[in-house]
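See structure below.
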Amino acid sequence: MFRSKSWFGGGLWKPKNPHSLDHLKYLYNVLSKNQTVNEHNRGLLVETLRSIAEILIWGDQNDSTVFDFFLEKNMLSFFLKIMKQKCGSYVCVQLLQTLNILFENIRNETSLYYLLSNNHVNSIIVHKFDFSDEEVMAYYISFLKTLSLKLNSHTIHFFYNEHTNDFPLYTEAIKFFNNSESMVRIAVRTLTLNVYKVDDKSMLKFIRDKTAAPYFTNLVWFIGNHVLELDVCIRGNSQYEALPRLADLVAEHLDHLHYLNDILLLEIDDLNKVLTDHLLHRLLIPLYVTSLDKASAIQGKSSPKVSSILALFLLSQVFLIMTHPPLVRVLANIILNGNEAVFELKDDIVSNPIINSTSTPTSTDEDRANEEIPSASTEENPTAHNFLQTPDRNSKSSSHEDCSSPDMLARKADSLRLLIKDEGNLTDLSRRPFLSSIFDSLETSENDYSALFSLCLLQALVKNKGIHADLLDRLFHGGAEKERGTGKEEDLAEECITHTKSRYNGQLVDRLISIIAHTVKYESKVRVVTLQLAYTLLLKTVMKEGDKSCMGDHHLAAIEGAREENILLLQNYYKSDEMFLEIFEDEYLEMSTGKVQNVEQLLMDSHLLLPPAGSPLTGIAFDKRLPCGEVERSRRAMRVYFILRKLSLTLRNEKEKYLPLTNTQTCVNIDDNLDLTNSDIQSCIVITRDTKLRRFLVIDIVQLILVEPSPKRMGWGVVKFVGFLQDIEVMGDKDDSRCLHITVKSSPTNLRGSKTKTPLLSAKFMFDDHIRCMAAKQRLIKGKLKSRQRKLHMIARLLDLTGSSPSPPQKLRHHSRRPLVRSDRPLYNPIGKALPGLAMAVVSETQPGNRKNSRDQSPAVASVSKNTTHQDEEIPLGTIHSKSTNPGGTSHNGPQPASSSSSRRNSCNSSTSSSSAISNPHQSSNSAAQNPSGLHLKFPSGNSSNLSANKINPRRFKFQ
1 MFRSKSWFGG GLWKPKNPHS LDHLKYLYNV LSKNQTVNEH NRGLLVETLR
51 SIAEILIWGD QNDSTVFDFF LEKNMLSFFL KIMKQKCGSY VCVQLLQTLN
101 ILFENIRNET SLYYLLSNNH VNSIIVHKFD FSDEEVMAYY ISFLKTLSLK
151 LNSHTIHFFY NEHTNDFPLY TEAIKFFNNS ESMVRIAVRT LTLNVYKVDD
201 KSMLKFIRDK TAAPYFTNLV WFIGNHVLEL DVCIRGNSQY EALPRLADLV
251 AEHLDHLHYL NDILLLEIDD LNKVLTDHLL HRLLIPLYVT SLDKASAIQG
301 KSSPKVSSIL ALFLLSQVFL IMTHPPLVRV LANIILNGNE AVFELKDDIV
351 SNPIINSTST PTSTDEDRAN EEIPSASTEE NPTAHNFLQT PDRNSKSSSH
401 EDCSSPDMLA RKADSLRLLI KDEGNLTDLS RRPFLSSIFD SLETSENDYS
451 ALFSLCLLQA LVKNKGIHAD LLDRLFHGGA EKERGTGKEE DLAEECITHT
501 KSRYNGQLVD RLISIIAHTV KYESKVRVVT LQLAYTLLLK TVMKEGDKSC
551 MGDHHLAAIE GAREENILLL QNYYKSDEMF LEIFEDEYLE MSTGKVQNVE
601 QLLMDSHLLL PPAGSPLTGI AFDKRLPCGE VERSRRAMRV YFILRKLSLT
651 LRNEKEKYLP LTNTQTCVNI DDNLDLTNSD IQSCIVITRD TKLRRFLVID
701 IVQLILVEPS PKRMGWGVVK FVGFLQDIEV MGDKDDSRCL HITVKSSPTN
751 LRGSKTKTPL LSAKFMFDDH IRCMAAKQRL IKGKLKSRQR KLHMIARLLD
801 LTGSSPSPPQ KLRHHSRRPL VRSDRPLYNP IGKALPGLAM AVVSETQPGN
851 RKNSRDQSPA VASVSKNTTH QDEEIPLGTI HSKSTNPGGT SHNGPQPASS
901 SSSRRNSCNS STSSSSAISN PHQSSNSAAQ NPSGLHLKFP SGNSSNLSAN
951 KINPRRFKFQ
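Letter by letter, the sequence shown follows residues 1 to 960 in UniProt numbering.
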């Protein structure tokens, strides 16, 4: 049977265009005919709801008549009818998803106002969904959060009814503040912050009077039980078996603190007063501060306590995150100046029926919230019943108004200030049990488990901008000297402390220096991160304006003594470890270029809450654990050396002169222009996997350089590659005697992480002939050896193993330096002037008129040559100045060029004529003394019978 469209009216047939008003009319007819949900139409309704959201979003951007029809037909009422039926989670999930997508994508304010009208949205919010279904819970909370993002001074009136004093969006959301799902808890926090940001006085007054006290009370109660759970996890997790759970608990506590700080930063005075009061008197003082003093106890009350280490950790996080002055100032004063009298005030607060009221709202709508508020069930947490008191659900809401009234908050604040005695300096610890506990925790004779968090707490106090500068000045600098001379000095150290009381806190400096003294011991249990924090705090204590130190001589002597003990330990590793140079440079780069130890990031590491680990298998960073094995002990000793050296230089107001060993600012860099006139360079072809380039090899004191001729200036070269000689590996080619396989590693400072990194260069170098190839190999090997020896000599100077001071490296001449004059010896000598394999006459250093090489005779190189004896010395490739000898043994002054054929003939003749004097290689020193021409020849070690006096191969002996 065929049906006429006009006979049944518009919207009966499904239009072809899904994005049109006709399609919405068709969907409206579908909803009208399927208002009762059953098994047959459930799938049709789900698809209809999805299509409605899609059309409405399209209409919001393209056709306003779509929303007009949606509102005219009051289609949201169909949503309510469907929800009120027991349609199952399948339809409810699609309905909530449709609403969420719809409100999230609406951009037109008029369309948004249309959707929020008729109070249908509030009816959907208060609908009793089946929250046992996790998917329904997730979409419901997401829907509420999406609505909160639309709140402003205009839309707030669609959600908050001032006449009925009802705000379902907020009151329904805060029921899930302690939900087991972290995503739900985060969404609730986001929603509450969005609500607090709206500038509406009547709405904020409703929150303060009706919901602030119960919500903040339950929130603080939840945080406190969370902290107790964290303490239980630490006590039973000494073997690192529950690290994931511990990490989650630490992250959750950080989220709580950031959330509380975000509320305080909104600067809503009424809310801040209530929140500050609840934090101080229900969490921070009774749980955090109480746990600092192990011997303290509240008389007549059973109050829970956590370990002192956890208390230090939590308070450090509080001061690093929260900066609200009324909160942090009172808390800092209690810790630094307070005593047990603070707990007496806490007893009065807890016993006060007004303060003790921790119930939730009891109005008609708020009674429903009581079902969601958690109880301190011992099933979830055995220690939960010990933390404060379980929220009372039978109290009246009027009690909350009294509890959080301005007068009551002011009276409690005044009482708290009276108990905090401000007596000028903070050196008398007998009347300050909390500060005394912090100082006692700095003891590191056994380990630095508690000292690390004590230092973190002191650092957090320094970084907090809300604390008075006067209080910090009295803590670190001793403040006003009111009690000087009243104590009895038992020894000279106490007398010195009293003498320096007005300059800095001597007791604090004594404990910091004690940490340093324990750190330098061989079997020390102090981690590097603890020493870094002590170093920073020590400078904060003794440094004044203008970077001047006010530290006393006895403290300076103690630091220098610890530094010398560390140097003695390093001397042993220097003599026994073949990789000492590489490890030394590696650790220096790690300490100098690594990030400064950030206390904020340090306190995010849950591993630190467990006893110090000593194995790299735990995955903990090296500076946050104890060393394992001799290699790690040497690395640790090096890091301690760098920290103490920097501390010593800072206290003496001196600058570093000898570190790093290689001054990169004086090294040649890529694209530099070098004057290579009269320099020793070798032409070669560099062959890699992809390229084959002609380059010129230049060997500096510390660098291998590849250049190409400059197209602009004759005799100049442009640097195309640089690498340190210390990092090269040279191997000959078995198939081609003209080739060398050269590998340049990335850097000796990246040895630990270079396993997966490709080297800077790995190529085959092809030279013109095998002689030049052999010469280049000799120069590279010798350069690598000398570079290492020079750096080791500089380290020896730093470790007080020798007497002279090290010499910094020199640099190649750049175009910006003065031009080379003829009187100067060139830095590089052309290879064409002296081919390898010919015996050349070398002028003795004792002969007059001999000119020394300024580069080779630098203090560092000279000291290396004096302390190092080589059995085989290669033939110098540069210009060798010699003196021609006459038959009478007299010499004529004036150098002759080594490139001339006569010079080479004279050299060979000289070596042949003197063969009788040096026929025995073991008597080379005597022959040198008998040689009147000043020539010194040195043969390679071997059997003298292999030498022939009539035919001497000049390539087999080398010159000194």
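From the three backbone atoms N, C-alpha and C, an ideal C-beta is built for every residue, glycine too.
Values in this document were obtained by computation on a predicted structure and should not be read as measured data.
Where residue i falls: helix, strand or coil (DSSP)
| i | result |
| --- | --- |
| Leu-442 | coil |
| Gln-97 | helix |
| Val-37 | coil |
| Met-543 | strand |
| Ile-207 | helix |
| Asn-161 | strand |
| Gly-59 | helix |
| Glu-267 | coil |
| Glu-708 | strand |
| Asp-681 | The sequence shown places Ile at residue 681, rather than the Asp named in the question. Correct three-state label for Ile-681: strand. |
| Val-526 | coil |
| Arg-797 | helix |
| Cys-667 | coil |
| Lys-81 | helix |
| Thr-65 | helix |
| Glu-47 | helix |
| Gln-389 | At Gln-389 the pLDDT is 43, less than 50, meaning the model places this residue with poor confidence; the figure from the coordinates comes in the next sentence. Gln-389 falls in the coil class under three-state DSSP. |
| Gln-597 | coil |
| Ala-138 | helix |
| Thr-217 | helix |
Residues bridged to residue i [DSSP beta-bridge criterion]
| i | result |
| --- | --- |
| His-741 | Met-731 and Lys-764 |
| Leu-693 | Val-686 |
| Asn-673 | Val-718 |
| Asp-166 | Asn-161 |
| Lys-548 | Lys-544 |
| Gln-703 | Phe-724 |
| Val-698 | Ile-681 and Ile-705 |
Classification of residue i by the beta-carbon crowding that lies within 10 angstroms, buried from 16 upward
| i | result |
| --- | --- |
| Glu-446 | exposed |
| Ser-910 | In this predicted model, Ser-910 has a pLDDT of only 41, less than 50, meaning its place in the structure is not dependable; the value taken from the coordinates is given anyway. Counting Cβ neighbours within 10 Å, Ser-910 comes out buried, since at least 16 surround it. |
| Pro-244 | exposed |
| Ser-4 | The pLDDT assigned to Ser-4 is 39, lower than 50, so where the model puts this residue is not dependable, and the model offers no usable value. |
| Ser-291 | buried |
| Gly-783 | buried |
| Thr-869 | For Thr-869, the predicted structure reports a pLDDT of 41, less than 50, and the residue's modelled location is therefore unreliable. A value from the coordinates is still provided. Flag for Thr-869 reads exposed. |
| Pro-214 | buried |
| Val-631 | exposed |
Residue closest to residue i, alpha-carbon to alpha-carbon, out of the options
| i | options | result |
| --- | --- | --- |
| Asn-464 | Thr-323, Tyr-573 and Asn-598 | Thr-323 |
| Asp-690 | Ser-762, Leu-725 and Lys-14 | Ser-762 |
| Asn-333 | Phe-434, Arg-245 and Gln-317 | Phe-434 |
| Leu-219 | Asp-440, Ala-242, Phe-176 and Thr-98 | Phe-176 |
| Leu-609 | Leu-452, Asn-272, Thr-110 and Val-198 | Leu-452 |
| Thr-650 | Ala-251, Leu-147 and Val-542 | Val-542 |
| Leu-31 | Gln-507, Asn-74, Gln-61 and Ile-335 | Asn-74 |
| His-554 | Leu-617, Asp-577 and Gly-506 | Gly-506 |
| Leu-429 | Ile-515, Leu-336 and Leu-458 | Leu-336 |
| Ser-123 | Pro-168, Asp-586, Leu-581 and Pro-15 | Pro-168 |
| Ile-268 | Thr-618, Leu-204 and Tyr-522 | Leu-204 |
| His-40 | Leu-56, Cys-87, Ser-454 and Ala-173 | Cys-87 |
Contact with chain C by residue i, beta-carbon distance below 9 Å
| i | result |
| --- | --- |
| Met-83 | Of the chains in the structure shown, none is chain C; there is only one protein chain. |
Near the ligand FMN: residue i beta-carbon under 8 Å from a heavy atom
| i | result |
| --- | --- |
| Thr-802 | You won't find the ligand FMN in this model; it holds no ligand whatsoever. |
Are three or more beta carbon pairs between the stretch 134-141 and the stretch 179-191 nearer than 8 Å? yes
Across the stretch 558-575 and the stretch 523-536, are there enough close Cβ pairs to call them in contact, namely three or more that are closer than 8 Å? Cβ pair count under 8 Å is below three, so no.
Taking 8 Å as the threshold, find out whether the stretch 306-326 comes into contact with the stretch 223-234 through three or more Cβ pairs. yes
Sufficient close CB pairs (3 or more, under 8 Å) joining the stretch 720-731 to the stretch 792-799: no
Given 8 Å, three or more beta-carbon pairs between the stretch 639-655 and the stretch 571-591: yes
Check whether the stretch 57-76 touches the stretch 18-31, counting contact only when three or more Cβ pairs, one atom from each stretch, lie closer than 8 Å. yes
Segment contact flag, the stretch 678-687 with the stretch 766-778, C-beta cutoff 8 Å, min 3 pairs: yes
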